[in-house]
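To start, the structure itself, in structure tokens.
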Amino acid sequence: MQPFPLSIRFEDQSDGALLRLDGEIDLSSAHLLVERIDEAIGRGALRVILDFGGVTFVNSTGLGAMVAATKRLRADGGDLVLRSFRGIPASALATTGLDRFFTIES
11 MQPFPLSIRF EDQSDGALLR LDGEIDLSSA HLLVERIDEA IGRGALRVIL
61 DFGGVTFVNS TGLGAMVAAT KRLRADGGDL VLRSFRGIPA SALATTGLDR
111 FFTIES
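Just so you know, we're using this note's numbering here: the sequence shown kicks off at 11 and counts up by one.
Following this line, the structure appears as structure tokens:
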């Protein structure tokens with residue numbers, strides 16, 4: 011079975027950047043997420059929102075990339091916000107305890 015590739019749509023917002031995600035975040039695609047988050051930070055965004063509405067899978071590589079980005083943004087007074095986080099991705103956070111680390115919006 012072929013993995014569903016990660017697609018990321020970038021939207022500038024008045025208070026930061028919104029990244030709409032579709033697909034799987036794993037070893038083969040986490041670098042794409044990191045690149046887009048870096049792009050948002052490079053544009054001056056202190057608040058980066060990841061909309062997980064279309065995400066079907068997240069593994070430890072994806073979670074690690076999100077933790078690193080969150081630490082980087084928080085060090086500069088910003089934050090990484092997870093939105094529409096449910097199903098398999100949400101259970102991965104709960105299992106690892108990271109649901110208490112991230113800022114999560116409905």
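Beta carbons: idealized from backbone N, C-alpha and C, even for Gly.
Measure the alpha-carbon distance for residue i versus residue j and round it to whole angstroms.
i           : j          : result
residue 89  : residue 48 : 13 Å
residue 116 : residue 91 : 10 Å
residue 111 : residue 85 : 14 Å
residue 24  : residue 69 : 31 Å
On the criterion of 16 or more Cβ atoms from any shown chain inside 10 Å, does residue i qualify as buried, or is it exposed?
i           : result
residue 106 : exposed
residue 37  : exposed
residue 113 : exposed
residue 94  : buried
residue 101 : exposed
residue 18  : buried
If we call anything under 8 Å between Cβ atoms a contact, is residue i one with residue j?
i          : j          : result
residue 26 : residue 58 : yes
residue 64 : residue 43 : no
residue 56 : residue 33 : no
residue 35 : residue 72 : yes
residue 3  : residue 61 : Given a span of 11 to 116 for the chain in the structure shown, any question on residue 3 remains unanswerable.
Since residue i and residue j are thought to touch, with beta carbons under 8 Å apart, how far apart are those beta carbons, to the nearest angstrom?
i          : j          : result
residue 46 : residue 20 : 6 Å
Going by the DSSP bridge assignment, what does residue i pair with across the sheet?
i          : result
residue 19 : 30
residue 67 : 34
residue 91 : 59 and 113
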